[in-house]
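Undergrad:
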Amino acid sequence: MAASSQRKKKSTSAKRTPPRTSGNPAKRSGNPAKRPVLEAGPVRASDWIGAARLRTLPLAVAPVVIGTGAARSTGPEFHWVIALACLAVAVLLQIGVNFTNDYSDGIRGTDAHRVGPARLTASGRVKPRTVLIIGLIFFALAAAVGVAIVVRTGQWWMLAVGAACIVAAWFYTGGKRPYGYYGLGEVFVFVFFGLVATLGTTWVQIFDLPQQAWLGAIAAGLFACAVLLANNLRDIDQDREVGKRTLTVLIGRRATQVLFTLFVLAPFGIAIFLALLFPIAWIALLALLAGLPAILIVWTYRQPRELVVALALTSLTALLYAGALFWAFVG
689 MAASSQRKKK STSAKRTPPR TSGNPAKRSG NPAKRPVLEA GPVRASDWIG AARLRTLPLA
749 VAPVVIGTGA ARSTGPEFHW VIALACLAVA VLLQIGVNFT NDYSDGIRGT DAHRVGPARL
809 TASGRVKPRT VLIIGLIFFA LAAAVGVAIV VRTGQWWMLA VGAACIVAAW FYTGGKRPYG
869 YYGLGEVFVF VFFGLVATLG TTWVQIFDLP QQAWLGAIAA GLFACAVLLA NNLRDIDQDR
929 EVGKRTLTVL IGRRATQVLF TLFVLAPFGI AIFLALLFPI AWIALLALLA GLPAILIVWT
989 YRQPRELVVA LALTSLTALL YAGALFWAFV G
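Its first residue numbered 689, the sequence shown is counted upward by one per residue in this note's numbering.
#1: Beta-carbon separation of Gly871 and Phe827 under 9 Å?
#2: Could you give the DSSP three-state label for Arg990: helix, strand or coil?
#3: Suppose you measure from the CA of Phe966 to the CA of Gln843; what does that come to, to the nearest Å?
#4: Please confirm whether Ala857 and Phe878 have their CB atoms less than 9 Å apart.
#5: Assign Arg743 to one of three DSSP states: helix, strand, or coil.
#6: If you draw a straight line from the C-alpha of Leu916 to the C-alpha of Pro746, how long is it?
#7: What residue ranges within the region 821–904 form continuous beta strand (DSSP E) runs of no fewer than 3 residues, ordered along the chain?
#8: Measure the C-alpha to C-alpha separation of Val1018 and Ala810 and round it to an integer number of angstroms.
#9: Within the continuous alpha helix (DSSP H) that includes Gly796, where are the two ends?
#10: Where Thr861 and Pro764 are concerned, what is the direct C-alpha to C-alpha distance, given to the nearest angstrom?
#11: Kindly indicate the opening and closing residues of the alpha helix (DSSP H) around Ser811.
#12: For chain D, is any of its Cβ atoms less than 9 Å away from the one on Trp970?
#13: What residues match up with Arg933 in a beta bridge as DSSP calls it?
#14: For Val814, collect the residues of the same chain with a Cβ closer than 7 Å to its Cβ; drop the 5 residues on either side in sequence, then sort them by chain order.
#15: Taking only the alpha-carbon atoms, compute the straight-line gap between Gln991 and Val930 and give it to the nearest angstrom.
#16: Within 10 angstroms of its Cβ, does Asp896 collect 16 or more other Cβ (buried), or is it exposed?
#17: Is it right to say Phe876 is buried, meaning 16 or more other beta carbons lie within 10 angstroms of its own, or is it exposed?
#18: Straight-line CA distance for Gln899 to Ala773?
#19: If you reduce the DSSP assignment to three classes, tell me which class Ser734 lands in.
#20: Measuring CB to CB, does Arg743 end up less than 9 Å from Val996?
#21: In whole angstroms, what is the alpha-carbon distance linking Ala852 and Ala978?
#22: From which residue to which residue does the alpha helix (DSSP H) around Ala943 run?
#23: Using CA coordinates, which residue listed in Leu976, Trp1015, Ala905 and Thr886 is at the minimum distance from Thr1002?
#24: Would you call Trp891 buried or exposed, if buried means 16 or more other Cβ atoms sit within 10 Å of its Cβ?
#25: According to DSSP, is Leu726 helix, strand or coil?
#26: DSSP on Ser1003, reduced to helix/strand/coil?
#27: When you compare only the Cα positions, how much space is there between Ile971 and Gly812?
#28: Please state whether DSSP places Gly1011 in a helix, a strand or coil.
#29: So Leu883 packs on Gly909, CB below 8 Å; how close in whole Å?
#30: For Trp987, which residues from the same chain have a beta carbon less than 8 Å from its beta carbon, with the 5 sequence-adjacent residues on both sides left out?
#31: Classify Ala969: buried if its beta carbon has 16 or more other beta carbons within 10 angstroms, exposed otherwise.
#32: Where does Leu917 sit, in a helix, a strand or coil, going by DSSP?
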């Protein structure tokens, strides 16, 4: 009887002990709706604000500021309504990307062991469908403002550009084969958060693309790529584990550090060239006060969490740089 009682206790204990798991967390995560909650407590407003990833919003503002400055440099007229509309489109798209990224990475299990702030989907506190709907709402708002710009300017062909922006935003981490999982994130970020955002802002205001708009667009794109590199360097170990092949995973830590440094410093070379045409552009070098500490952190960090500061500093660098170019273009 005693032996039988002991066997029953062992059996009960075995049932209560959760099975040990290993391997790809994306594969073992299963249905996100049935995943255990990683963080207790109700969802607060601060959680939703955090999901919008405010640190990345300067990357949406910077190209619009540069593009507007480039447009203003060609004449005295300032199309402030169109400029504000472009800013709304850029910010709404950025927030939409952040929410859909939260959703897509969350349902794949990619964010299950991330180093940065916990995401809504991965934490299990918000239904994945809810996060997706929020992201799509921001995309819809961006599309609505974009259509208004097209109607106001009569540039109907730009509807295709807007559609391409939303498609690229979704397939960054969404869909069956997201390009962000195959080392192409930086390419698309450079194109859409650099060239398209800056040049599009300039075009809808003056229907022309002067040299300074192109150079400013390249600078904005490089800063956006640098922020993505800092983000992916922080998550390199987790991304390797779940099979997310970012550019950082493909080229390794040291090459990423070198590339990050080049992406942060190259825009200042552009600013020096622009200073030959717009003397006040020299003031853009002051943005190095934020950029150099970001580079230092990327090269000397000991804990991945330190790269969150580098990411924020790089975003700030982009915004300060954009403000300086705007001043130079309109001054």
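Ideal Cβ positions, reconstructed from N, Cα and C, are used throughout, including at glycine. Quick caveat, the model's predicted, so the values are computed rather than measured.
TA: Walking through what the data contain:
#1: no
#2: coil
#3: 30 Å
#4: no
#5: helix
#6: 13 Å
#7: none
#8: 45 Å
#9: The sequence given here places Arg at residue 796; Gly does not occur at that position. First-last of the alpha helix (DSSP H) with Arg796: Trp768 to Arg796.
#10: 42 Å
#11: Leu808 to Ser811
#12: Absent from the structure: chain D. Only one protein chain is present.
#13: Tyr870
#14: Val731 and Leu808
#15: 20 Å
#16: exposed
#17: buried
#18: 23 Å
#19: helix
#20: yes
#21: 33 Å
#22: Arg941 to Leu962
#23: Leu976
#24: buried
#25: The pLDDT assigned to Leu726 is 44, lower than 50, so where the model puts this residue is not dependable, and the model offers no usable value.
#26: helix
#27: 46 Å
#28: helix
#29: 6 Å
#30: Gln945 and Thr949
#31: buried
#32: helix
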